[in-house]
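Asker: Take a look at this one; I'll ask things after.
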Amino acid sequence: MGYRMGGLICMLGLGAKYLDEIRNLVDRIEKTQSASIAQAAEAIVESVTQGGAVHILDTGHMLMNELFGRAGGLMMPRPVNIKMEVDNPGPARPGKTKEMVYLDEIPGLPEFILDRSDIYPGDVLIIGSVSGKNALPVGLALLARERGIKVIAMTSVAYSSSLTPQHPSGKRLFEAADIVLDNCGVIGDAILEVEGLDTKAMPTSGIAAACLMWTLEAEIIDRMLKRGLTPQVWKSNHLPGAGEFNRRALEETERVGY
Numbered sequence: 693m694g695y696r697m698g699g700l701i702c703m704l705g706l707g708a709k710y711l712d713e714i715r716n717l718v719d720r721i722e723k724t725q726s727a728s729i730a731q732a733a734e735a736i737v738e739s740v741t742q743g744g745a746v747h748i749l750d751t752g753h754m755l756m757n758e759l760f761g762r763a764g765g766l767m768m769p770r771p772v773n774i775k776m777e778v779d780n781p782g783p784a785r786p787g788k789t790k791e792m793v794y795l796d797e798i799p800g801l802p803e804f805i806l807d808r809s810d811i812y813p814g815d816v817l818i819i820g821s822v823s824g825k826n827a828l829p830v831g832l833a834l835l836a837r838e839r840g841i842k843v844i845a846m847t848s849v850a851y852s853s854s855l856t857p858q859h860p861s862g863k864r865l866f867e868a869a870d871i872v873l874d875n876c877g878v879i880g881d882a883i884l885e886v887e888g889l890d891t892k893a894m895p896t897s898g899i900a901a902a903c904l905m906w907t908l909e910a911e912i913i914d915r916m917l918k919r920g921l922t923p924q925v926w927k928s929n930h931l932p933g934a935g936e937f938n939r940r941a942l943e944e945t946e947r948v949g950y
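Just so it is clear: in the sequence shown, position 253 is 945 by our numbering, and no numbers are missing.
Right under this line is the structure:
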């Protein structure tokens, strides 16, 4: 493998190793996750065709940016964004700094999220957390299931299994969900041993998440079309007529839910 620069063929080094690992990763996803993807697709189709909706909450690894408004992607998923900020600039106080408070440390946050969101029984909630160990995604998954909401976890089972769960239940996300989409990542996420570095380099969770979710969306489209239903898909804004196309498609999505 190489690329041309100034008339010379330059070979990839570490980049080639990473691409090999990604090819292997995609193969593992296909071989081990196809049944779970099919199960997740069926659950989503059943929900949205009966008046439900599909929601996505991700704890920071790409899904919220990757899936929404993307050309070729489904219009139906609804993002769950949690915004809790205190903006209070003050004078300099040497030696007086407060520790950061993480979302996992806020009591009652899963209840607050579900109570204030537009998520209802019969809906599907996709929760993304690579480590799957923190209290918020686990607590949210458990509470959502109690309320009749189907929960799909996007996580790394191997990585999560090596970590101590932070939720009082003692569960990790993959143990708290109805359906698990395993990103097939390794412990620590990074995949390459690199001479000269003290830790592994190059994560796989972002590419794996994109692979899993776009495969899931393809399955949703396939299953709906086989039922005689047409889910709305974003058209690239750079193509002629895209603005009007997307406007009408969004109106249809709001009308029927997909």
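Glycine included, C-beta positions come from ideal geometry on N, C-alpha and C. Quantities reported herein were computed from a predicted structural model and do not represent experimental measurements.
Evaluate the contact criterion for the region 833-851 versus the region 862-870: three or more CB pairs, one atom per stretch, below 8 Å.
Answerer: Touching, per the Cβ criterion.
Asker: With Leu-749 as the anchor, note down where its beta strand (DSSP E) starts and where it stops.
Answerer: As a position in the sequence shown, residue 749 is number 57, starting the count at 1. Its beta strand (DSSP E) spans residues 746-750.
Asker: Less than 8 Å separating the beta-carbons of Leu-865 and Gly-800?
Answerer: Your numbering for residue 865 matches position 173 in the sequence shown. Your numbering for residue 800 matches position 108 in the sequence shown. No, Cβ-Cβ distance for Leu-865 and Gly-800 is not below 8 Å.
Asker: Is the Cβ-Cβ distance between Ile-883 and Thr-896 less than 8 Å?
Answerer: Sequence index remark: in the sequence shown, residue 883 carries index 191 (1-based). Sequence index remark: in the sequence shown, residue 896 carries index 204 (1-based). Taking 8 Å as the Cβ cut-off, Ile-883 and Thr-896 qualify as a contacting pair.
Asker: With contact counted as at least three CB pairs below 8 Å, one residue from each stretch, are the region 920-938 and the region 762-770 in contact?
Answerer: Touching, yes, given that three or more Cβ pairs across the two stretches are closer than 8 Å.
Asker: For the beta strand (DSSP E) containing Met-894, name the first residue and the last one.
Answerer: Stepping through the sequence shown from its first residue, residue 894 is reached at position 202. Here the beta strand (DSSP E) through Met-894 covers 893-895.
Asker: Within its chain, find whatever has a CB closer than 8 Å to the CB of Thr-922; leave out the 5 residues flanking it on each side and keep chain order.
Answerer: The residue labelled residue 922 in the question sits at position 230 within the sequence shown. Result list for Thr-922: Met-916, in chain order.
Asker: From this set, Leu-704, Gly-787, Asn-716, which residue's C-alpha is nearest Gly-877's C-alpha?
Answerer: Residue 877 sits at position 185 when you count from the first residue of the sequence shown. Nearest option by C-alpha distance: Asn-716.
Asker: Name the DSSP beta bridge partners of Met-846, please?
Answerer: The residue labelled residue 846 in the question sits at position 154 within the sequence shown. DSSP output for Met-846 lists Gly-820, Leu-873 as bridge partner(s).
Asker: On the three-state DSSP scale, how would you describe Gly-768?
Answerer: The residue labelled residue 768 in the question sits at position 76 within the sequence shown. Per the sequence shown, residue 768 should be read as Met rather than Gly. Met-768: coil per DSSP, three-state reduction.
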